[in-house]
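Down below is the structure, laid out as structure tokens.
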Amino acid sequence: MRLDKCLEKAGLGSRKQIKTLLKSRQVTVDGMFATTGSQIVDPGLQVIEVGGEKVGLESAVYYLLHKPAGVVSAVSDATHQTVIDLIAEKDRRAGLYPIGRLDRDTEGLLLITNNGPLGFRMLHPKYHVDKVYEVEVNGFLSPDAVTFFKNGVEFLDGTVCQPAILEILSADISFSRARIRISEGKFHQVKKMFLAYGVKVTALKRIGFGHFVLEEELPVGAYRTLTEQEKQYIVEHFMKHKEK
Ligand code: URA
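Be aware that the sequence shown starts at 203, since it is given in this note's numbering, and climbs by one per residue.
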């Protein structure tokens, strides 16, 4: 959350009073003076002090879910089970949401949090969060497919994708398997890229999202809390800069 919101929630005064506190260099985050309220912080992971006194607040939660096919990447849905429905009652918090979305028929790694601005940041091109998928297609992937994806796939509507790294795992006339690494998150991107090559995706699983990988041991439909180290990684890479 934003630092000014965090201080407001902790009862440190009105917006105006908090602005004054910040301007007068009375607020520190991990020992560094904070002068702008737009800085993103997590009081569970960082030490926030005002006039030398620690500010106490409940920290954000972070889960890594192995999303099953058939479940929607949404907070609520009238018809289908959502990824939030898969979170146990004891782990639910207000404001939980998935970072990005996977199609309903896509399986794999999805981060879930109630750290509001984090999703925007992790999905922003500036932060270069790569996504890795395992793909099955209904046709032959010849070695030239590697160059096709590397050159930046163009969709029928003229949209050009960033270069993608394709690794062919097996190739047969009516069934091939591959791993693909992309650096963006366009709508139905992987399926459309393979369609542009001339084959249809029949199964899609996300196995990597930036620093995070889907462990073999995490069953489909299960989730785990991020480790302290992983949370620290989030702080270091996504929460140390000012919101633009
Ligand atoms: N690309 C797709 O086509 N679908 C997904 O779910 C994710 C990436």
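Quick reminder that beta carbons are idealized off the backbone N, C-alpha and C, glycines included.
Residue i, buried or exposed, once every other Cβ within 10 Å from all chains shown has been counted against 16
i      : result
Ala280 : exposed
Gln248 : buried
Pro300 : buried
Gly412 : buried
Met324 : buried
Thr315 : buried
Glu445 : Only weak support exists for where Glu445 lies, its pLDDT of 45 falling under 50; the value from the coordinates is given anyway. Per the 10 Å Cβ criterion, exposed.
Nearest to residue i (by Cα), restricted to the options the options
i      : options                           : result
Arg426 : Glu251, Tyr264 and Gly233         : Tyr264
Leu373 : Ala212, Pro345 and His268         : One point to set straight first is that residue 373 is Ala, not Leu, in the sequence displayed. For Ala373, the nearest C-alpha among the options comes from Pro345.
Leu267 : Glu438, Ala405, Thr308 and Ile370 : Thr308
Glu417 : Val257, Gln219, Ser216 and Lys269 : Lys269
Ala212 : Leu368, Thr404 and Val252         : Val252
Expected contact under 8 Å - CB spacing of residue i and residue j to nearest Å
i      : j      : result
Gly297 : Gly318 : 6 Å
Arg204 : Ser240 : 6 Å
Contact test: residue i Cβ vs the ligand URA heavy atom, cutoff 7 Å
i      : result
Gln364 : no
Thr308 : yes
Asp305 : yes
Gln391 : yes
Leu406 : yes
Cutoff 8 Å; reference residue i; Cβ partners in own chain excluding five residues on either side
i      : result
Cys363 : Gly354, Val355, Glu356, Phe357, Ile384, Glu386, Lys388, Gln391 and Met395
7 Å CB neighbourhood of residue i in its chain, flanking five on each side removed
i      : result
Met441 : Ile242, Val243 and Asp244
Ala424 : His268
Residues near residue i by beta carbon distance below 6 Å, same chain, minus five either side
i      : result
Glu336 : Arg381, Lys407 and Ile409
Lys393 : Val403
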